[in-house]
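Participant: Below: one structure in structure tokens.
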Amino acid sequence: IGSELIGIMNYTTRFFLLIVLSVLGGQYVQAQDTLQINFEEFKQKAFKNSGQLRYASTAVELSYNREDQARNQRFLPDLRYVSEHALVPGVTSDSILANGQPLPAESYYLDPNAENNWNEWGTFNRFRVMGAQPLFTWGAIQKAVNAAEAATEASEFELEGERSEFELRLFELYYSYTLALEIERLLNDAQENLDKIGEQIEELAEDGDEELSLADEYRFMIFKEKFEIQKVEVQQSLEFVKRTWAYALGYKNQKTVYEPTARFLEPIFTEFASVTFYEQMAMSNRPELRALRAGKRAYDHYVSSVKAQNLPGLFLGFQITMASTPVRPRQPNAFIINPENTFNTALGLTIRQNLNMLQFKTALERSKIEAKRINYLQDAASDGIFLEVSNTYRDALVSETKVTQTKKALSLAKEWLRQEQLDYDLGFGDTKSLIEAIQQDLELRLEVLESTFVMNSNIAKLHKAAAIPLPKITTN
15 IGSELIGIMN YTTRFFLLIV LSVLGGQYVQ AQDTLQINFE EFKQKAFKNS
65 GQLRYASTAV ELSYNREDQA RNQRFLPDLR YVSEHALVPG VTSDSILANG
115 QPLPAESYYL DPNAENNWNE WGTFNRFRVM GAQPLFTWGA IQKAVNAAEA
165 ATEASEFELE GERSEFELRL FELYYSYTLA LEIERLLNDA QENLDKIGEQ
215 IEELAEDGDE ELSLADEYRF MIFKEKFEIQ KVEVQQSLEF VKRTWAYALG
265 YKNQKTVYEP TARFLEPIFT EFASVTFYEQ MAMSNRPELR ALRAGKRAYD
315 HYVSSVKAQN LPGLFLGFQI TMASTPVRPR QPNAFIINPE NTFNTALGLT
365 IRQNLNMLQF KTALERSKIE AKRINYLQDA ASDGIFLEVS NTYRDALVSE
415 TKVTQTKKAL SLAKEWLRQE QLDYDLGFGD TKSLIEAIQQ DLELRLEVLE
465 STFVMNSNIA KLHKAAAIPL PKITTN
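Numbering (this note's numbering), first residue to last: 15 to 490.
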């Protein structure tokens, strides 16, 4: 049909290829039942099936876990249980008291002649519970909690950014299907016109019409052959986008496939605000920038926590010890501690001070460098977003103008085609002019569809760049 039409179709094919590489999902299976779904339903199904979003959501789950871990430091952060078990021999003594009585077992600890009884064995069991409760730490624990909360907020904004980017790709994928259906219908209509003209040319050739030249017949036959190429390409593109949908929605052992509710590609009607408005919305609401700002707060709280941890902290410490060894005598004397048969508790205040000054200084410097990196990254991200908004704003305005002007050109082409068809039917026209009118009408109709799709995509990109919800397309 012409190099421009081929370029349009090649563009569509390349676009579909980029979409399928960026969407994650399941495997396609040939199905029987077909259901129509709108964009919101399509988006929710694709979100649920996306391995990319599931992977990104784990970062939020880990952040919540670290947040809980930081809060757990408030109550008994140091609590340990230790048990010790062994086989030990008993104790015996041959000493005799002055009254001729054997030395009591509870006095064996005073007898230098006491020795192990290797003929008697028993089990030694000792249990210890030790803990420390922070009483005053200069706010180190609360600052660590604040840092974890800010880090969780940053992770949530990062996930929101992933969802926003994925939603834009799904928007383009959804309406790619509608575009493919539109082009298919367009070529079917063109095929009907070509069949009618072909029949008329055959009738003129059979009647030996002198106005029908051999060049006209060859010109029409070449046109038909090129048109067949475009039909095959469009059909393959439609099959390709169907497989892409299946890949995005995760068809697997299902008997249902989906098609878009939007059967016709409608343009987005919007009134553009100033570029300053979109820039301000982007700088205030872009999830990437909000994530960086939250990350900066997290590092500020973390640095404050590290500083507080290096100061002396007041703790309440306790220890409970219980030991039992039946083959060893228990000592009733409070001044004698027998580690094999005892039960004692200890409770008191303790002051902890970190004396690793060099390690503390190095860790603090690293934290400051990380905070500085976040500041620089935030500046770089702001510059990139500013350029993105400017480019998408320009593209959206240009594409809107292109749609408007192309529709005007199509109106003229339709008028020309009607005139050529009328002249041809009355016997005043020629095949060359009619074929040129058909070709011009077909190319402009394709261009209107493509430019409408591009305009909608550019407007969606502008909304995404400015952190505005994607526009809704009214389906007629």
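Beta carbons are placed, not taken as given, at the ideal position from N, Cα and C, and that holds for glycine.
Any idea which residues DSSP pairs L363 with across the strands?
Facilitator: For L363, which the question treats as bridged, DSSP gives the partners L330.
Participant: Would you call K422 buried or exposed, if buried means 16 or more other Cβ atoms sit within 10 Å of its Cβ?
Facilitator: Label assigned to K422: exposed.
Participant: What are the partner residues of R94, as DSSP defines its beta bridges?
Facilitator: According to DSSP, R94 bridges with M144.
Participant: Excluding sequence positions up to five away, which residues of its chain have a Cβ less than 8 Å from the Cβ of L101?
Facilitator: Counting only Cβ-Cβ distances below 8 Å, and skipping sequence neighbours, we find W135, G136, T137, F138.
Participant: In whole angstroms, what is the alpha-carbon distance linking N370 and Y313?
Facilitator: Rounded to the nearest angstrom, the two C-alpha atoms are 22 Å apart.
Participant: On the DSSP bridge assignment, give the partners of G104 in chain order.
Facilitator: N131.
Participant: How would you label N324, buried or exposed, when you count the other beta carbons within 10 angstroms and need 16 or more for buried?
Facilitator: It counts as buried.
Participant: To which residues of the same chain is L117 closer than 8 Å at the C-beta, ignoring the five residues directly before and after it?
Facilitator: Same-chain partners within the cutoff: S107, S109, I110, L111, D125.
Participant: DSSP state of T466, grouped into three classes?
Facilitator: Helix, per DSSP.
Participant: Touching or not, the stretch 206-222 and the stretch 139-154, by the rule of three or more beta carbon pairs under 8 Å?
Facilitator: No: fewer than three Cβ pairs fall under 8 Å.
Participant: Return the chain-ordered ranges of every alpha helix (DSSP H) run that is complete within the stretch 405-463 and spans a minimum of 4 residues.
Facilitator: You should have found no qualifying run.
Participant: For S71, I'd like the list of residues in its chain whose CB is within less than 7 Å of its CB, leaving aside the five on either flank, ordered along the chain.
Facilitator: Closer than 7 Å at Cβ, skipping near neighbours: L173.
Participant: Buried or exposed, going by whether 16 or more other CB atoms sit within 10 Å of the CB of L132?
Facilitator: Rather than Leu, the amino acid found at residue 132 in this sequence is Trp. Answer is exposed; the Cβ neighbour count stays below 16.
Participant: When DSSP labels each residue in this structure, what does L516 get in the three-state scheme?
Facilitator: Because the chain spans 15 through 490 in this model, residue 516 falls outside it and cannot be assessed.
Participant: Sort L460, D393, S97 by Cα distance to L279 and report the nearest one.
Facilitator: Of L460, D393, S97, the residue nearest in Cα terms is L460.
Participant: Taking the alpha carbon of A481 as the reference point, which residue from M469, S381, T406, S190 has its own alpha carbon closest?
Facilitator: For A481, the nearest C-alpha among the options comes from T406.
Participant: Can you tell me the Cα-Cα spacing of Y438 and I243, whole angstroms?
Facilitator: Between Y438 and I243, the C-alpha separation is close to 26 Å.
Participant: Whose CA, out of A194, V271, P343, I236, lies closest to the CA of K446?
Facilitator: Out of A194, V271, P343, I236, I236 has the C-alpha closest to the C-alpha of K446.
Participant: Hey, would you say D393 sits closer than 9 Å to N472, going by beta carbons?
Facilitator: Their beta carbons are not under 9 Å apart, which means D393 does not touch N472 by this criterion.
Participant: Just to confirm, is the Cβ distance from L149 to L328 under 9 Å?
Facilitator: Yes.
Participant: Assign Y123 to buried or exposed, taking buried as 16 or more other Cβ atoms, counted over all protein chains shown, within 10 Å of its Cβ.
Facilitator: The residue is exposed, with fewer than 16 neighbouring Cβ atoms inside 10 Å.
Participant: Indicate whether L193 and L456 have their beta-carbon atoms separated by less than 9 Å.
Facilitator: No. Outside cutoff.
Participant: Could you check if Y390 is buried or exposed, using at least 16 other CB atoms within 10 Å of its CB as the buried criterion?
Facilitator: Answer is exposed; the Cβ neighbour count stays below 16.
Participant: Below 8 Å on the Cβ atoms is my guess for I388 versus L306; work out the distance and round it to an integer in Å.
Facilitator: Yes, I388 and L306 are in contact; Cβ-Cβ is about 6 Å, under 8 Å.
Participant: Within the stretch 281-324, note down every full alpha helix (DSSP H) run reaching 4 residues or more, in order along the chain.
Facilitator: Correct list: 289-299, 301-323.
Participant: Assuming S178 and K478 make a contact with CB atoms under 8 Å, what is their CB distance in whole Å?
Facilitator: Yes, they are in contact, since the Cβ atoms of S178 and K478 sit about 6 Å apart, within 8 Å.
Participant: Would you tell me roughly how many angstroms separate the C-alpha atoms of L182 and Q333, rounded to the nearest one?
Facilitator: L182 and Q333: Cα-Cα distance of roughly 60 Å.
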